[in-house]
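Everything below concerns the one structure shown next.
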Amino acid sequence: MNAPLPGSAGPGTAPAVGIAAMLGRPYRNLRLEWSSDLRLLRARLAVRPIQCYSLAALRELQLMLDDIAANPGQVRHFVLSSDVPKVFNFGGDLSLFVLLVRAGDVQSLQLYGRKCVDLVWWMENAAELGIHTTALVQGDTLGGGLESVLPFHKVIFERSAQAGFPEVLFNLFPGMGAWDFTIRKAGYAVASEMVLSGRLYSAEEMHTRRIVDVVAEDGEGEKVLDAVLREVDPRHRGTLAALRTRRMAAPVRYEDLIAIVEQWAQSALELTDRDLRLMERLARAQARKVGGADEGAVEELKRMELEHAWGDRRSGADRRAVSLTDRRQAPREPQP
Amino acid sequence: MSDIPNAMLPFFAELVTETDEDRRGFETHPKVVAAVAEGMSLERYRALLLELYHVVWHFNPVCAAAASRLDDRFQAIRRFLYEHMHEEAGHEDWVLNDLEAIGVPSAASRAHAPRADTLALNGYNHWAADRRHPCSVLGMLYALEVIASVYGGPFANAIRESLLLDGDRGVSFIDSHATMDAQHMAELRQVLNLVTDGSAQAAVIESVRVNFHHFTRIVEAV
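The listed protein sequences correspond, in order, to chains A and B.
For the first sequence, the residue numbers in the working numbering are 285 to 620.
For the second sequence, the residue numbers in the working numbering are 79 to 300.
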């Protein structure tokens with residue numbers, strides 16, 4: 285399998301030529317800003333009401349990245365952050381996952397995963413395009429949301445932001461780069477701990493584990509970002525040369541990322557009704573927070589962690605749900 | 079690049095992708111977000127079930143109209159509809175039972191005049207099966223089964239908690255369809271992948287969009 289080269293625009297959409305054309309795209313989930321002094325492109329993601337990687341958001345992000353790649357030399361710095369207060373990204377679109385799992389649609393799950401991998405692969409290749417990348421995380425980021433920041437050259441977290449890979453709590457695993465990029469940044473033991481525990485980590489804990497490069501005080505993220513960019517900018521060429529060779533020293537292969545996505549999609553199909561109900565519980569907590577409740581997905585995950593630790597997940601409704609025959613496994617074939 | 083042209087995707091995958099924003103338009107409507115998260119007042123839940131009764135009542139007549147117009151190129155879909163109608167027969171009575179459980183007598187439910195949004199949903203589905211393309215009925219099935227299987231379970235739980243209902247009392251239709259339609263989704267995917275005709279595919283996509291749109295308006299209005 286050949287890894288895609290960054291810069292090949294997707295079918296059906298011609299790349300924008302020049303910064304003005306890039307900024308002029310009518311995005312619904314993205315807000316772009318350009319700073320000419322640093323040749324800095326900032327993208328702020330806002331998928332409302334629940335900040336996640338919906339199909340439309342993935343499409344817009346890919347279009348933006350294709351535009352950047354189609355205009356070589358224009359962008360020196362790229363920064364991704366969130367326009368949603370206290371949330372960076374909740375990761376995958378849980379309702380879409382539930383739909384596809386219930387439909388037994390492995391192809392669409394794989395397609396979704398490959399779209400996510402293409403985004404992280406673009407970031408992995410950004411140094412080859414002459415672009416230094418920074419993620420500014422000012423709120424909680426879960427699962428695919430955390431995976432999406434791992435390939436950035438610099439990762440800044442504000443102190444109260446929390447992150448983790450909760451997938452194991454509903455019998456899944458993070459399949460879009462978590463293993464490869466966490467192992468490269470923090471080592472095998474940390475990757476295993478984070479993926480297999482499903483627990484949430486504070487910004488400080490992530491910093492201790494070398495997942496996060498800089499911890500900023502709450503509300504200071506923008507100031508720290510500016511300092512980071514101004515520190516890198518005079519050393520831009522040398523920094524990128526070093527980052528390119530870092531990839532040679534510790535390579536991440538596209539083929540491996542895709543192979544993991546395929547395993548992830550197959551594993552998703554094996555989720556039981558009980559697992560899906562946990563996923564729905566998380567989605568409902570996200571919705572509650574949007575509706576103004578004090579507690580949301582992060583608090584719900586902490587409850588799930590506790591239940592997991594105390595081993596009472598099979599009580600009550602869960603036990604009833606698990607006893608239901610999972611009829612998804614053997615749908616009858618319609619007669620042609 | 080993984081941007082596989084839609085023409086190479088099985089139709090179900092194309093349908094999911096093409097109509098994802100319509101699904102999210104339903105899912106992210108503030109009234110739907112609030113209903114799934116916090117449930118509803120008794121008054122609003124009664125109003126919703128009264129509208130739902132008329133949607134469910136028309137489900138099999140729409141399927142029958144479509145089945146009667148599907149020629150032998152679509153034989154597998156026609157047979158799928160026969161079986162589906164058999165499974166769904168009488169389910170409008172489940173809605174009546176739930177209405178009874180929350181204090182609405184059957185006679186009052188039957189006499190309820192549906193709102194314009196409900197008439198628009200049913201009217202479109204009858205018209206599309208008759209005049210657009212009989213395969214459009216698969217779009218109605220897809221939208222309603224996504225709503226039931228993805229959002230029905232959390233919604234039933236939220237209603238149970240907010241109205242302090244015991245077990246399935248008052249939520250039997252929504253809760254049972256949340257489970258049943260998981261099976262239906264897997265079957266529907268296989269049937270949709272048999273639709274290769276371009277005009278039939280376009281009719282299904284349009285139908286999904288219209289059904290999500292009208293169903294959102296129904297929830298919004300109650």
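The C-beta atom is built at its ideal place from N, Cα and C for all residues, glycine as well.
Presumed contact (8 angstroms Cβ cut-off) between residue i and residue j, rounded CB distance
{"i": "residue 427 of chain A", "j": "residue 376 of chain A", "result": "6 angstroms"}
{"i": "residue 267 of chain B", "j": "residue 387 of chain A", "result": "4 angstroms"}
{"i": "residue 560 of chain A", "j": "residue 385 of chain A", "result": "6 angstroms"}
{"i": "residue 570 of chain A", "j": "residue 390 of chain A", "result": "Not quite, the Cβ-Cβ distance comes to about 25 angstroms (not below 8 angstroms), so this is no contact."}
{"i": "residue 545 of chain A", "j": "residue 414 of chain A", "result": "So it is not a contact: roughly 28 angstroms between Cβ atoms."}
{"i": "residue 281 of chain B", "j": "residue 210 of chain B", "result": "5 angstroms"}
{"i": "residue 487 of chain A", "j": "residue 537 of chain A", "result": "So it is not a contact: roughly 30 angstroms between Cβ atoms."}
{"i": "residue 505 of chain A", "j": "residue 420 of chain A", "result": "5 angstroms"}
{"i": "residue 163 of chain B", "j": "residue 143 of chain B", "result": "That belief does not hold up - the Cβ atoms of residue 163 of chain B and residue 143 of chain B are roughly 11 angstroms apart, past 8 angstroms."}
{"i": "residue 297 of chain A", "j": "residue 339 of chain A", "result": "Not really, about 15 angstroms apart at Cβ, beyond 8 angstroms."}
Per-residue DSSP class, three states only, for residue i
{"i": "residue 355 of chain A", "result": "coil"}
{"i": "residue 499 of chain A", "result": "strand"}
{"i": "residue 338 of chain A", "result": "coil"}
{"i": "residue 180 of chain B", "result": "coil"}
{"i": "residue 97 of chain B", "result": "coil"}
{"i": "residue 317 of chain A", "result": "strand"}
{"i": "residue 485 of chain A", "result": "strand"}
{"i": "residue 471 of chain A", "result": "coil"}
{"i": "residue 438 of chain A", "result": "strand"}
{"i": "residue 446 of chain A", "result": "strand"}
{"i": "residue 376 of chain A", "result": "strand"}
{"i": "residue 596 of chain A", "result": "Interpretation of residue 596 of chain A is limited by its pLDDT of 48, a score under 50 that renders its predicted location unreliable; the figure taken from the coordinates is listed afterwards. Coil, per DSSP."}
{"i": "residue 457 of chain A", "result": "coil"}
{"i": "residue 366 of chain A", "result": "strand"}
{"i": "residue 557 of chain A", "result": "helix"}
{"i": "residue 329 of chain A", "result": "strand"}
{"i": "residue 190 of chain B", "result": "coil"}
{"i": "residue 210 of chain B", "result": "helix"}
{"i": "residue 249 of chain B", "result": "coil"}
{"i": "residue 523 of chain A", "result": "helix"}
{"i": "residue 106 of chain B", "result": "coil"}
{"i": "residue 419 of chain A", "result": "strand"}
{"i": "residue 273 of chain B", "result": "coil"}
{"i": "residue 297 of chain B", "result": "helix"}
Environment of residue i [buried if 16+ CB atoms lie within 10 Å]
{"i": "residue 365 of chain A", "result": "buried"}
{"i": "residue 529 of chain A", "result": "exposed"}
{"i": "residue 300 of chain B", "result": "buried"}
{"i": "residue 123 of chain B", "result": "buried"}
{"i": "residue 277 of chain B", "result": "exposed"}
{"i": "residue 289 of chain B", "result": "buried"}
{"i": "residue 119 of chain B", "result": "exposed"}
{"i": "residue 399 of chain A", "result": "buried"}
{"i": "residue 65 of chain B", "result": "This structure cannot settle anything about residue 65 of chain B, because the visible part of chain B is limited to 79 through 300."}
{"i": "residue 470 of chain A", "result": "buried"}
{"i": "residue 306 of chain A", "result": "buried"}
{"i": "residue 507 of chain A", "result": "exposed"}
{"i": "residue 502 of chain A", "result": "exposed"}
{"i": "residue 417 of chain A", "result": "buried"}
{"i": "residue 256 of chain B", "result": "buried"}
{"i": "residue 113 of chain B", "result": "buried"}
Within-8 angstroms CB hit, residue i to chain E
{"i": "residue 238 of chain B", "result": "Annotation note: the requested chain E is absent from the structure, which comprises protein chains A and B."}
Residue i vs residue j beta-carbon contact at 8 angstroms
{"i": "residue 225 of chain B", "j": "residue 158 of chain B", "result": "no"}
{"i": "residue 457 of chain A", "j": "residue 318 of chain A", "result": "no"}
{"i": "residue 555 of chain A", "j": "residue 455 of chain A", "result": "yes"}
{"i": "residue 287 of chain B", "j": "residue 106 of chain B", "result": "no"}
{"i": "residue 517 of chain A", "j": "residue 316 of chain A", "result": "no"}
{"i": "residue 177 of chain B", "j": "residue 297 of chain B", "result": "no"}
{"i": "residue 90 of chain B", "j": "residue 216 of chain B", "result": "no"}
{"i": "residue 129 of chain B", "j": "residue 196 of chain B", "result": "yes"}
{"i": "residue 299 of chain A", "j": "residue 354 of chain A", "result": "yes"}
{"i": "residue 169 of chain B", "j": "residue 233 of chain B", "result": "no"}
{"i": "residue 167 of chain B", "j": "residue 138 of chain B", "result": "yes"}
{"i": "residue 541 of chain A", "j": "residue 401 of chain A", "result": "yes"}
{"i": "residue 214 of chain B", "j": "residue 207 of chain B", "result": "yes"}
{"i": "residue 509 of chain A", "j": "residue 467 of chain A", "result": "no"}
**Short-range partners of chain A found in the stretch 86-100 of chain B, where Cβ spacing is below 8 angstroms** = Listed by position, the residues of the stretch 86-100 of chain B near chain A (Cβ gap below 8 angstroms) are 87, 88, 90, 91, 94, 95, 98 and 99.
**Residues of the stretch 219-252 of chain B whose Cβ lies closer than 8 angstroms to any Cβ of chain A, in chain order** = Going along the stretch 219-252 of chain B in chain order, one finds 224, 227, 228, 229, 231, 232, 235 and 236 with a Cβ nearer than 8 angstroms to chain A.
**Item:** Selection of the stretch 106-117 of chain B by Cβ proximity to chain A, strictly under 7 angstroms
**Value:** Going along the stretch 106-117 of chain B in chain order, one finds 106, 111, 112, 114, 115 and 116 with a Cβ nearer than 7 angstroms to chain A.
**Item:** Proximal residues, the stretch 320-347 of chain A versus chain B, C-beta separation under 8 angstroms
**Value:** Closer than 8 angstroms at the C-beta level to chain B, one finds these residues of the stretch 320-347 of chain A: 332, 333, 334, 338, 339, 340 and 346.
**Prompt:** What residues in the stretch 260-290 of chain B have a beta carbon less than 8 angstroms from any beta carbon of chain A?
**Reply:** Against chain A - using a Cβ distance shorter than 8 angstroms - the residues of the stretch 260-290 of chain B are 260, 261, 263, 264, 265, 266, 267, 268, 269 and 272.
**Message:** At a CB distance below 8 angstroms, what residues from the stretch 122-152 of chain B approach chain A? Give them in sequence order.
**Reply:** Here the close residues number zero.
**Message:** Against chain B, which members of the stretch 381-403 of chain A pass a CB distance test of less than 8 angstroms?
**Reply:** So the close ones are 382, 383, 384, 386, 387, 388, 389, 391, 392, 395, 398, 399, 401 and 402.
**Request:** Quick one: which residues of the stretch 358-382 of chain A get their C-beta closer than 9 angstroms to a C-beta of chain B? List them in chain order.
**Result:** Across the stretch 358-382 of chain A, CB contacts with chain B closer than 9 angstroms involve 377, 379, 380 and 382, in sequence order along the chain.
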